[in-house]
Ligand code: UN1
């Protein structure tokens with residue numbers, strides 16, 4: 177493999193060297209056997225589900241039910257990856273030449289660098305790591321500096337399993353400040369795949385650096401997800417989906433519902449019920465089972481939320497509820513806000529990683545689709561309707577432009593079986609289910625001549641006289 181990138185410190189270089197060494201062994205292991213090791217990781221994680229969830233709640237403040245859900249997501253993707261051990265494979269194509277076979281094979285790529293954010297401190301790593309391992313690649317994890325203990329906790333469970341199997345270096349962590357360890361690793365040609373989850377701004381830098389060396393990038397960047405509610409929607413169902421989408425994880429999911437695009441005919445009915453529901457939210461200690469909304473990740477996140485609310489008001493927005501600092505609970509607490517916004521707003525174009533739901537009123541499905549698509553991001557969208565035609569139009573080629581388009585299901589809480597990711601400023605990457613294993617493999621097209629003649633493709637004749 178090529179030499180290390182300039183600027184990589186000695187510790188990070190050693191990590192990459194070890195990953196390269198273990199790759200030489202791991203790529204030789206049959207795929208179902210690799211899956212068996214992933215199964216062992218899955219089992220130790222499942223056996224420690226409660227403790228891992230406690231760690232998530234303690235470090236990032238996610239409420240307990242959601243922390244358990246996150247560990248379940250790790251278990252689910254590990255199950256999915258185990259299945260891949262007997263399933264990944266290529267296609268065969270008809271050859272235009274007689275007595276020729278044409279087929280695809282998929283091979284491992286090499287070390288995969290996975291850079292994750294604080295908000296899913298275990299699951300997003302696992303979406304990449306579990307399939308990547310089955311595909312034959314070691315994984316280097318650069319967790320967010322805000323959730324390093326979560327990364328270390330799940331790694332500590334995996335380490336003895338890997339050691340026992342003789343593959344200790346398959347999973348490694350390279351922690352530290354992103355600005356310090358990130359650039360060297362990202363530029364390193366010994367790392368063929370980089371999966372990055374984080375802001376659009378940083379994702380742009382990462383993808384440019386990886387593209388410059390022809391590496392492969394999987395980007396999961398900002399979302400600005402809308403729930404569209406038509407006049408015929410089941411409002412009970414919509415209300416529940418929007419509530420969880422907007423305030424779940426204290427508004428800090430990539431998939432958080434940030435915009436409510438509601439038909440004028442049901443605006444009053446829906447918004448008044450939403451405001452009432454917000455009033456019933458229990459905000460506080462995330463370890464308590466009755467809590468709906470825990471703290472934001474840090475005090476700076478609350479400051480950002482307050483700055484966004486100030487801008488909303490300056491743009492003519494009207495705060496319908498919430499949006500207060502809850503200093504008695506601590507500097508990381510704020511009450512989730514609902515803000516009605518005018519149609520034109522610079523703020524609504526932006527992702528603010530906090531529980532603010534902007535309400536926008538429309539008069540038609542066409543206007544709703546235009547509003548849904550009228551932001552730079554394209555991760556997730558949801559339509560609430562009982563009308564089959566509207567539902568299909570929302571999902572068709574001229575409908576919502578997001579990577580995830582749901583009907584009567586909220587914007588967040590995707591299952592691992594489907595590919596996860598989005599378009600436009602969300603970066604275009606896909607992780608987790610479907611055929612995402614292809615991210616971690618290189619495709620090889622082979623043509624095999626089992627005859628005794630050598631016909632050329634495209635009918636070319638090249639015979640000696
Ligand atoms: C994220 O916010 O980065 O669909 C991931 C969801 C979760 C994953 C979110 N399964 O909301």
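In the numbering used here, the protein residues as written are 177 to 641. The C-beta atom is built at its ideal place from N, Cα and C for all residues, glycine as well.
(Q) If distances are taken between C-alpha atoms only, which option among 363, 496, 327 and 402 comes closest to residue 451? (A) Taking the chain shown and counting its residues from 1, one reaches residue 451 at position 275. Nearest of 363, 496, 327 and 402 to residue 451, Cα basis: 496.
Q. Ligand 1: which residues have Cβ under 6 Å from any of its heavy atoms, chain order?
A. 249, 295, 296, 300, 373, 429, 430, 431, 588, 589 and 590
Q. Do residue 502 and residue 510 come within 8 Å of each other at the CB atom, strictly closer than that value?
A. Taking the first residue of the chain shown as 1, we reach residue 510 at position 334. Taking the first residue of the chain shown as 1, we reach residue 502 at position 326. Cβ distance < 8 Å, so residue 510 and residue 502 count as in contact.
(Q) I'd like to confirm the pairing. Which residues does DSSP put opposite residue 554 in its beta bridges? (A) Taking the chain shown and counting its residues from 1, one reaches residue 554 at position 378. 599.
Q. In this structure, does DSSP put residue 464 in helix, strand or coil?
A. Along the chain shown, one-based indexing puts residue 464 at 288. In the three-state DSSP reduction, residue 464 falls in the coil class, being neither helix nor strand.
Q | Rounded separation between residue 262 and residue 486 - CA only | A | For this step, residue 262 is matched to residue 86 along the chain shown. For this step, residue 486 is matched to residue 310 along the chain shown. One C-alpha to the other measures close to 54 Å.
Q: Indicate the three-state DSSP secondary structure (helix, strand or coil) for residue 632 in the structure shown.
A: The residue you call residue 632 lines up with position 456 of the chain shown. DSSP places residue 632 in coil when its eight states are reduced to three.
Q) Going by the beta-carbon positions, is the gap between residue 279 and residue 605 smaller than 8 Å? A) Along the chain shown, one-based indexing puts residue 279 at 103. Along the chain shown, one-based indexing puts residue 605 at 429. No, these two residues do not count as a Cβ contact at 8 Å.
Q: Compute the distance between the beta-carbons of residue 533 and residue 519, then report whether it is under 8 Å.
A: Within the chain shown, residue 533 is the residue found at index 357, counting from 1. Within the chain shown, residue 519 is the residue found at index 343, counting from 1. Result no, Cβ atoms of residue 533 and residue 519 do not sit closer than 8 Å.
Q. Are residue 211 and residue 277 close, meaning C-beta to C-beta below 8 Å?
A. On the chain shown, position 35 is the one that residue 211 refers to. On the chain shown, position 101 is the one that residue 277 refers to. No. Outside cutoff.
Q: Compute the Euclidean distance between the alpha carbons of residue 237 and residue 230, then round it to the nearest angstrom.
A: For the purposes of this step, residue 237 is identified with residue 61 of the chain shown, where counting begins at 1. For the purposes of this step, residue 230 is identified with residue 54 of the chain shown, where counting begins at 1. Whole-angstrom Cα-Cα distance: 10 Å.
Q | Rounded C-alpha distance that separates residue 341 from residue 318 | A | Within the chain shown, numbered from 1, the residue matching residue 341 stands at position 165. Within the chain shown, numbered from 1, the residue matching residue 318 stands at position 142. Residue 341 and residue 318: Cα-Cα distance of roughly 24 Å.
Q.
Would residue 291 and residue 372 qualify as a contact pair, given that the criterion is a beta-carbon distance under 8 Å?
A. By 1-based counting over the chain shown, the position of residue 291 is 115. By 1-based counting over the chain shown, the position of residue 372 is 196. In terms of Cβ geometry, residue 291 and residue 372 form a close pair [threshold 8 Å].
(Q) Ignoring anything shorter than 3 residues, give me the beta strand (DSSP E) runs that lie fully in the region 267–292, in order along the chain. (A) 276–284 and 288–291
Q. From the DSSP output, which residues share a beta bridge with residue 301?
A. Mapped onto the chain shown, residue 301 falls at position 125. Bridge partners of residue 301: none, in fact.
Q: For the region 426–435 and the region 468–482, state whether three or more C-beta atom pairs, one from each stretch, are separated by less than 8 Å.
A: yes
Q | Inter-stretch contact (C-beta, 8 Å, three-pair minimum) for the region 331–351 and the region 569–589 | A | Counting Cβ pairs under 8 Å, fewer than three are found: no touch.
Q: Compute the Euclidean distance between the alpha carbons of residue 287 and residue 550, then round it to the nearest angstrom.
A: For the purposes of this step, residue 287 is taken as residue 111 along the chain shown, with counting starting at 1. For the purposes of this step, residue 550 is taken as residue 374 along the chain shown, with counting starting at 1. Their Cα atoms are separated by approximately 38 Å.
Q) Rounded C-beta distance between residue 199 and residue 313? I'm assuming under 8 Å. A) The residue you call residue 199 lines up with position 23 of the chain shown. The residue you call residue 313 lines up with position 137 of the chain shown. Going by Cβ atoms, the distance from residue 199 to residue 313 rounds to 7 Å, so yes, they are a contact pair.
**Q.** As assigned by DSSP and simplified to three states, the class of residue 612
**A.** Here the question's residue 612 lines up with position 436 in the chain shown. Correct three-state label for residue 612: helix.
(Q) Assess contact between the region 245–257 and the region 579–592, defined as three or more Cβ pairs (one per stretch) separated by less than 8 Å. Is contact present? (A) The region 245–257 makes contact with the region 579–592: 3 or more CB pairs, one atom from each, lie closer than 8 Å.
(Q) Spatial neighbours of residue 271 within its chain, please: C-beta separation below 8 Å, excluding the five flanking residues on both sides. (A) Mapped onto the chain shown, residue 271 falls at position 95. Answer for residue 271: 277, 278 and 623, listed in chain order.
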